Amino acid sequence: MTQLNDHELALKSWQYRRDILRAIKHAGAGHTGGSLSCTDILNVLYNRTLNVSPDTFGSPTRDRYVQSKGHSVEALFVVLADQGFFPASDLDTLCGYQSHFVGHPTRKVPGIEQNTGALGHGLPICTGMAIGAKLDEADWHVFTLLGDGELAEGSNWEAAMAAAHYRLDNLTAIIDCNSLQITGRTRDVMSSEPLANKFDAFGWAVREVDGHDLAALEDALARPLAAGKPSAIIARTIKGKGVSFMEDVGRWHHGVPNDEEFAAAIEEIDAAMARLEAAA
Amino acid sequence: MSAPAPSMYSEAATALATDLGLSKGRANLEVFAAAVQDLAEADRDVLAVTSDSRGSGKLGPFGQALPRQIVEVGIAEQNLVGVAAGLASTGKIVFAVSPACFLATRALEQVKNDVAYSDNPVTLVGISAGVSYGALGSTHHSLHDFAALRAINNVEVCAPADNFEAEQAVRYAAAADRPVYLRFGKAPLYDLPSDAPVQPARARVLREGGDGAFLASGETVIHALLAAEHLAREHGVQCRVASLPSIKPLDTDEVATAAVTGAVVTVEEHMVTGGLGEACAASLLQAGLAPRLRIAGIPDEYTVTGSQADIFRHYGLSMEGLADTMRSILGH
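In order, the protein sequence lines correspond to chains A and B. Heads up: the first sequence runs through residues -1 to 278, numbered per the numbering used here. Heads up: the second sequence runs through residues 86 to 417, numbered per the numbering used here.
Encoded structure:
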């Protein structure tokens, strides 16, 4: 696949957002807000960072990506379809009878590394993967995407401790820090802040970035932040990003737009893409 | 100095075992540790993952001989299973070792999702299982592991009865393309009189007999065998005895064969809820078979305190208790 230029990369985020909304609207189910908050992260991962493609997916030296916040699977499915792992038309079966495209990642879908969905599982699994790579003296890298609400699961901190203990600088955890979870503000439900201090205290190298700044994400994800330490990228994001009436509104956690809302959202996205094109 | 722990075996049981020519082997845990070290020396992809449990898992020598191949996660059972799943996904042959009481319940969701659902063929090793930790109390008894893990799709459940079964089960699990749960206790075990291989869904028949049948698993099997010998010598009753190391999948053919005798006693170091006995009962009813049946195990209560031997005696899992249970359903 040819490398996208920066303009094309920026357009991809909007294309993905449109496809996410279409898939969720078609299925009548999905996690809209969280998928839109991590769209830019997945865009950078799959188009700039990860050494993985449909052709190399069977290779033992591919980079690994595990989406721990599995409920944002619609974003992942859309990106994998765009990367050519399966035809985009497969997404028409999302959440349908006997479809492999269920509401959380499963390995029956090409490109999915591990079955996730129950929270607090991705970081331990990725810690095991990264230890495996170290044992083989292999140089592939492991990435996982966590939600800030998800960090209330204690298994994350068991793994955070182990990853630092084993000096896993081949492991990067990205926190999609949109500050909202199903019940409300993360700070009201169960504070996970100060996140940077926590990961730092656990022995990780930490960087905070604007999770919608593609260049900043690309820079942060391009290499380990420090030798001998796992990397935590705290990506400050906006739930529902890109659709004004969805942004930072809790009900869009798994809200499905009605016909009017869907039309308005697509109109906004198309207008944003037109502005981008005009500016190019 | 406290008094030595009472033997698992009464004088009569010990005399019977000696008369049958049975010899006392090692604890299954020690056999496991030696077998996994043997495998690991031959293949650097064989790993043991431990949760501050290498001592109780008898893996100290493994760790000293092969430090690269032991991954320590500390007292963190959820992470133990998640890390094991991640390692298995990279092609490693992984034994995840933890006291059975924590592995099968605290890490159950990781077993369900990271190992079983994701098809990561980790061997889950529950050590000091059943009431091996006797006097430590209910937090440390693993009397729910058969029930919990039988309910997880894609996991085989295996409780070896002697050193031979333990060795075979470790090698089987290492080569299996699916997750296997192995359950090991701490007590030295008699070697059983059978050289039939350990296979999924296959019982090992230790004794023939047409008056009744014992279907037993794990470390209770020897007690069932001694009970059958006792019944033959003292009461002229001939009982079939089978070891079922594979609790899931179950040897339904052997269960049906046992039913032909008309009287079946199942035996397990597990709560009567959801274990071997209920698995056999379901199998029998679905086959349209209804022998007289007793499920010998730990009742649904907080377990009495004591050594493993005390607890076996209390709940009728010793030779004498099992013989009495069989006589009660035979009307002797």
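Just so it is clear, CB atoms sit at the ideal spot from N, CA and C, and this is done for glycine as well. Small disclaimer: the values here were computed from a predicted structure and weren't measured.
Name the DSSP bridge partner or partners of residue i?
{"i": "A:Gly82", "result": "Looking at the DSSP assignment, A:Gly82 forms no beta bridge with any residue, so it has no partner."}
{"i": "B:Thr208", "result": "B:Phe180 and B:Val265"}
{"i": "B:Lys109", "result": "B:Tyr275"}
{"i": "B:Glu241", "result": "B:Val265"}
{"i": "A:Leu48", "result": "Paired residue(s): none; A:Leu48 is not in a bridge."}
{"i": "A:Gly205", "result": "As written in the sequence, residue 205 of chain A is Arg, which differs from the Gly given in the question. Answer is A:Ile231."}
{"i": "B:Arg289", "result": "B:Ser328"}
{"i": "A:Asp171", "result": "Note that residue 171 of chain A is Ala in the sequence shown here, rather than Asp. In the DSSP output, where bridge partners are listed per residue, A:Ala171 has A:Thr142 and A:Ala230."}
{"i": "A:Thr54", "result": "Paired residue(s): none; A:Thr54 is not in a bridge."}
{"i": "A:Thr104", "result": "None, per the DSSP bridge assignment."}
{"i": "B:Ser227", "result": "B:Gly215"}
{"i": "A:Leu178", "result": "A:Arg183"}
{"i": "B:Thr135", "result": "B:Glu157 and B:Val182"}
Provide the residue span of the beta strand (DSSP E) that contains residue i, from first to last.
{"i": "A:Gln65", "result": "Arg62 to Gln65"}
{"i": "A:Ser229", "result": "Ser229 to Arg234"}
{"i": "B:Gly297", "result": "Gly297 to Ala301"}
Please name the residue, chosen from the options, that lies closest to residue i on a Cα-to-Cα basis.
{"i": "A:Leu2", "options": "A:Ala214, A:Tyr44, A:Gly32 and A:Asp174", "result": "A:Tyr44"}
{"i": "A:Ala79", "options": "A:Ala261, A:Leu40, A:Met271 and A:Ile267", "result": "A:Leu40"}
{"i": "B:Ala260", "options": "B:Gly176, B:Gln149, B:Ser203 and B:Ala348", "result": "B:Gly176"}
{"i": "A:Leu193", "options": "A:His251, A:Ser33, A:Glu206 and A:Asn168", "result": "A:Glu206"}
{"i": "B:Pro282", "options": "B:Gly362, B:His308 and B:Phe249", "result": "B:Phe249"}
{"i": "A:Ser70", "options": "A:Ser229, A:Thr104, A:Leu9 and A:Ser190", "result": "A:Thr104"}
{"i": "A:Gly94", "options": "A:Ala25, A:Gly152 and A:Glu135", "result": "A:Ala25"}
{"i": "A:Phe55", "options": "A:Val107, A:Thr142, A:Gln96 and A:Gly101", "result": "A:Val107"}
{"i": "A:Thr142", "options": "A:Gly152, A:Ile110 and A:Ala136", "result": "A:Ile110"}
{"i": "A:Ser33", "options": "A:His252, A:Ala270 and A:Asp257", "result": "A:His252"}
{"i": "B:Glu386", "options": "B:Leu407, B:His229, B:Asp123 and B:Arg111", "result": "B:His229"}
{"i": "B:Leu274", "options": "B:Ile155, B:Leu221, B:Asp128 and B:Ala394", "result": "B:Ala394"}
{"i": "A:Leu178", "options": "A:Arg15, A:Trp12, A:Ser35 and A:Ile22", "result": "A:Ser35"}
{"i": "A:Arg20", "options": "A:Val50, A:Phe84 and A:Val76", "result": "A:Val76"}
{"i": "A:Ile267", "options": "A:Arg165, A:Glu72 and A:Arg16", "result": "A:Arg16"}
{"i": "A:Val140", "options": "A:Leu133, A:Ala128 and A:Lys67", "result": "A:Ala128"}
{"i": "B:Gly270", "options": "B:Ala251, B:Pro278, B:Asp276 and B:Gly171", "result": "B:Ala251"}
Tell me which residue opens and which closes the alpha helix (DSSP H) that residue i is part of.
{"i": "A:Val141", "result": "According to the sequence provided, residue 141 of chain A is Phe. The question's Val does not apply to it. It is not in any alpha helix (DSSP H) - A:Phe141 instead sits in the beta strand (DSSP E) that spans Val140 to Gly145."}
{"i": "B:Arg129", "result": "No alpha helix (DSSP H) holds B:Arg129; DSSP gives it neither H nor E."}
{"i": "B:Phe397", "result": "Gln393 to His399"}
{"i": "A:Ile264", "result": "Asp257 to Ala277"}
{"i": "A:Arg185", "result": "Thr184 to Val187"}
{"i": "A:Ala220", "result": "First-last for A:Ala220: undefined, no H or E at that position."}
{"i": "A:Lys10", "result": "Asp4 to Ala25"}
{"i": "B:Ile414", "result": "Met404 to Leu415"}
{"i": "A:Thr30", "result": "Thr30 to Ser35"}
{"i": "A:Phe243", "result": "From DSSP, A:Phe243 is part of no alpha helix (DSSP H); its letter is neither H nor E."}
{"i": "A:Gly286", "result": "The structure shown has nothing for residue 286 of chain A, since chain A only spans -1 to 278."}
{"i": "B:Asn248", "result": "Asn248 to Ala260"}
{"i": "A:Trp155", "result": "Ser153 to His163"}
Note down, in chain order, each residue of its chain lying with its Cβ closer than 6 Å to the Cβ of residue i, except the 5 sequence neighbours on either side.
{"i": "A:Asn154", "result": "Gly118 and Leu121"}
{"i": "B:Ala98", "result": "Leu311 and Met404"}
{"i": "A:Thr280", "result": "Not covered by the structure: residue 280 of chain A. The range shown for chain A is -1 to 278."}
{"i": "B:Leu151", "result": "Ala125"}
{"i": "A:Pro222", "result": "Asp167 and Ser229"}
{"i": "B:Lys143", "result": "Leu114, Glu115 and Ala118"}
{"i": "B:Ala192", "result": "Glu162, Gln163 and Val166"}
{"i": "B:Ala169", "result": "Val134, Val179, Ala181 and Val207"}
{"i": "B:Val131", "result": "Leu124, Ala125 and Ile178"}
{"i": "A:Gly82", "result": "Pro52"}
Going by beta carbon distance, what residues of the same chain come within less than 8 Å of residue i, once the five residues before and after it are set aside?
{"i": "B:Pro334", "result": "Glu241, Pro285 and Ala286"}
{"i": "B:Ile160", "result": "Ser136 and Asp137"}
{"i": "A:Glu156", "result": "Pro122"}
{"i": "A:His5", "result": "Leu274 and Ala278"}
{"i": "A:Leu7", "result": "Asn41, Val42, Asn45, Arg46 and Leu212"}
{"i": "B:Leu369", "result": "Val340, Ala341, Ala344, Val349, Ala375, Pro376 and Leu378"}
{"i": "A:Glu259", "result": "Phe243"}
{"i": "B:Ser87", "result": "Note on B:Ser87: pLDDT 48, under 50, position unreliable in the model; no value is reported."}
Under 7 Å Cβ to Cβ from residue i, same chain only, skipping five residues before and after it: list those, please.
{"i": "A:Thr59", "result": "Ala136 and Trp138"}
{"i": "A:Gly201", "result": "Ala162 and Lys227"}
{"i": "A:Thr91", "result": "Ser97 and Phe99"}
{"i": "B:Ser203", "result": "Ala170"}
{"i": "B:Arg129", "result": "Gln154"}
* **Continuous alpha helix (DSSP H) assignments of at least 4 residues falling wholly in the stretch 138 to 197 of chain B** => 145 to 150, 162 to 174 and 185 to 188
*For the stretch 318 to 390 of chain B, list the beta strand (DSSP E) runs that are entirely contained and at least 3 residues long, ordered along the chain.*
324 to 328, 331 to 333, 348 to 356 and 377 to 383
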